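Participant:
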Amino acid sequence: MHHANHFYGHAHIMARYVGLEAPPRIWGYLQHGWNMHDGFAVGTVFTPQYPKFVWSEACARRGWAAGLRNYMVVAAPWLYLLELERQKEWLATAEPPTGTIVYPFHGWEGQQVLGSHTAYIEEVKAAEGDVPITVCLHWNEYDNPKVRREYEDAGVRVVTHGQRGYLWQDTDVAFLYRQLHEMRGHRRVVSNRMSSAILYAASAGVEVGVYGDPMALESDHAVLGGVGKPRRIWPEMHQFSVPMDYAADVANRELGADEMLLPEEVIDAFGWADEIAKPGPPPPAPPLEVDMSVFTRRRRRSHRSESHRAPGAEEPSSLLGSIDVTVEDDQDHGKHAETKSESRDRDQRTGGAEPTGDAAVPSVGNPEGSSVSTDES
């Protein structure tokens, strides 16, 4: 399984959807974030013949237009989470929430965001008025004391949904559950760019807005279209309050609401038939508490090696500084449990010998040689 399939707990949501406690290997590449390309990181190395599981026909069409192939539409894991958590039923009975949650445009290990967070949050406070405001920072910014302090000093509540995960380490399987929990607790979701968070909120029946300084991303890739492309395609999405019907329509097209699979179809598409003969009832949802010790472990060592930075990127901007994100070598890396199909494949390769070193963590493709960021959330 490619390690990005685990990002944000996506594989775990899909496993829960079919009745599994933990995800077996997904035989292919699962899109983990939304962008204006095909949903995958620019420069990702794909193994030939393995399918790319994208969220929607819209993502697949953008890939086809760029000459890329081998897509299968499965819909966004977020939509399966909404079904598991019965979002429509919740909306029908919930009390009207108050306040606004803000998702500032974020970077990742290889590309930092450039801009004034202080100016942005002051703009948001002035626009939103006298309402409770929560700012949710992606872990990349949350783990940077300078950035986090800019929001804390503005007098707003500051949270993070947890860690994205990397190479099967520190995957926070409750990430999207926390996101849904926070969105349910706010009347509006806003950002300075169209993003996964905006699409998620609109699909969940929450009012959205996109406004404010969009900031800039270091070494941004032209194929992603920058700030201008989504504004040209969806000008109505870029305003203080987007009409809810319109926002939901855009979100459902981009997330693949009409392409959701039945549990039996997920089992077939992901190659899970050896692990589960037929779907079962979903296991309980993970607890929402954030394990803050993960952030402490990640601060113990320096920034990730240059192999994880964007092609041609320079050092992270001094405006934000470097982020300490690597775990200790002596930490338990928590290799995912070997499934029956993986055990069979290993026996065929090794004659039954127990794998050692890198062979102990099977993967599709080359995670070390590929970019890891697709997400504009």
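In this text, residue positions in the sequence shown follow the UniProt record's numbering: the first is 1, and each later residue adds one.
Think of the CB as a built atom: it goes at the ideal place given N, C-alpha and C, for glycine as much as any other residue.
Quick caveat: nothing in here was measured; it's all calculated off a predicted structure.
To the nearest angstrom, how far is the alpha carbon of Lys335 from that of Phe7?
Facilitator: With a pLDDT of 38 at Lys335, under the threshold of 50, the modelled position of that residue is not reliable, and no figure is offered here.
Participant: Counting beta carbon pairs with one atom in the segment 205-212 and one in the segment 239-249, are three or more of them shorter than 8 angstroms?
Facilitator: Cβ pair count under 8 angstroms is three or more, so yes.
Participant: In whole angstroms, what is the alpha-carbon distance linking Val45 and Leu261?
Facilitator: If I take the Cα positions, the gap works out to 26 angstroms.
Participant: Going by CA-CA distance only, name the one from Gln163, Gly129, Val131 that's closest to Glu141.
Facilitator: The shortest Cα separation from Glu141 among Gln163, Gly129, Val131 belongs to Gln163.
Participant: Per DSSP, Met72 is paired with what?
Facilitator: Met72 is bridged to Phe53.
Participant: Can you tell me which of Asp213, Glu128, His181 puts its alpha carbon nearest to the alpha carbon of Ser241?
Facilitator: Comparing Cα-Cα distances from Ser241 to each of Asp213, Glu128, His181, the minimum goes to Glu128.
Participant: Helix, strand or coil for Thr47? Go by DSSP, reduced to three states.
Facilitator: Three-state DSSP puts Thr47 in coil, outside helix and strand.
Participant: Can you tell me where the alpha helix (DSSP H) holding Tyr211 begins and where it ends?
Facilitator: Per DSSP, Tyr211 belongs to no alpha helix (DSSP H) and is neither H nor E.
Participant: Can you list, in chain order, the residues of its chain whose CB lies under 8 angstroms from that of Met183, leaving out five sequence neighbours each side?
Facilitator: Correct list, in chain order: Ile101, Val189, Tyr200, Ala201, Ala204, Val206.
Participant: Find the nearest neighbour of His106 within the set Asn192, Pro282, Ala15, Pro286, judged by alpha-carbon distance.
Facilitator: Of the candidates Asn192, Pro282, Ala15, Pro286, the one whose C-alpha sits nearest the C-alpha of His106 is Asn192.
Participant: Once DSSP output is grouped into helix, strand and coil, what is the label at Ser191?
Facilitator: Ser191 falls in the strand class under three-state DSSP.
Participant: With a threshold of 16 other CB atoms inside 10 Å of the CB of Trp55, please say whether the residue is buried or exposed.
Facilitator: That one is buried.
Participant: Would you tell me roughly how many angstroms separate the C-alpha atoms of Val18 and Val74, rounded to the nearest one?
Facilitator: Taking the straight line from one Cα to the other gives about 14 angstroms.
Participant: Among the residues of its own chain, which have a CB less than 7 angstroms from the CB of Leu91, if the five just before and after it don't count?
Facilitator: The residues are Gly205.
Participant: Can you tell me whether DSSP reads Thr118 as helix, strand or coil?
Facilitator: Helix at Thr118.
Participant: For the beta strand (DSSP E) that Tyr103 lies in, which residues bound it at each end?
Facilitator: Tyr103 -> beta strand (DSSP E) spans 100-103.
Participant: Below 8 angstroms on the Cβ atoms is my guess for His186 versus Gly99; work out the distance and round it to an integer in Å.
Facilitator: Their Cβ separation, rounded to whole angstroms, is 5 angstroms, which keeps His186 and Gly99 in contact under 8 angstroms.
Participant: Just tell me which of Arg253, Pro281, Phe40 has its CA closest to the CA of Glu264.
Facilitator: Nearest C-alpha to Glu264: Pro281.
Participant: Among the residues of its own chain, which have a CB less than 7 angstroms from the CB of Met215, if the five just before and after it don't count?
Facilitator: Excluding sequence neighbours, Met215 sits near Phe105, Val113, Leu114, Gly115, Asn192.
Participant: Rounding to the nearest angstrom, what Cα-Cα distance links Asp268 and Ser196 in this structure?
Facilitator: Straight-line Cα distance between these residues: approximately 27 angstroms.
Participant: In chain order, what residues of the same chain lie with their CB nearer than 6 angstroms to the CB of Ala154, ignoring the 5 residues before and after it?
Facilitator: Cβ within range, chain order: Ile121.
Participant: When we look at the beta-carbon of Val131 and count the other beta-carbons within 10 Å, is it buried (16 or more) or exposed?
Facilitator: Val131 comes out exposed.
Participant: Is Tyr71 closer than 8 angstroms to Gly63 when the C-beta atoms are compared?
Facilitator: A contact, by the Cβ cut-off of 8 angstroms.
Participant: Taking the straight line between their C-alpha atoms, what separation do you get for Trp27 and Pro283?
Facilitator: For Trp27 and Pro283, the distance between alpha carbons rounds to 23 angstroms.
Participant: Using DSSP with H/G/I as helix, E/B as strand and the rest coil, what is Val156?
Facilitator: The answer is coil: DSSP assigns Val156 none of H, G, I, E or B.
Participant: Trp78 and Leu176 look like a contact to me (Cβ under 8 angstroms); what is the Cβ gap, rounded to whole Å?
Facilitator: That belief holds up - the Cβ atoms of Trp78 and Leu176 are roughly 6 angstroms apart, short of 8 angstroms.
Participant: I'd like the span of the beta strand (DSSP E) that includes Thr134, first residue to last.
Facilitator: Segment 133-136, the beta strand (DSSP E) holding Thr134.
Participant: Between which two residues does the alpha helix (DSSP H) holding Leu176 run?
Facilitator: 175-184 is the span of the alpha helix (DSSP H), which, as asked, contains Leu176.
Participant: Mark Lys52 as exposed unless 16 or more other C-beta atoms lie within 10 angstroms of its C-beta, in which case mark it buried.
Facilitator: Per the 10 Å Cβ criterion, buried.
Participant: DSSP three-state call for Leu217: helix, strand or coil?
Facilitator: If DSSP states are grouped into helix, strand and coil, Leu217 belongs with the strands.
Participant: Measure the C-alpha to C-alpha separation of Arg16 and Asp170 and round it to an integer number of angstroms.
Facilitator: So the two alpha carbons sit approximately 19 angstroms from each other.
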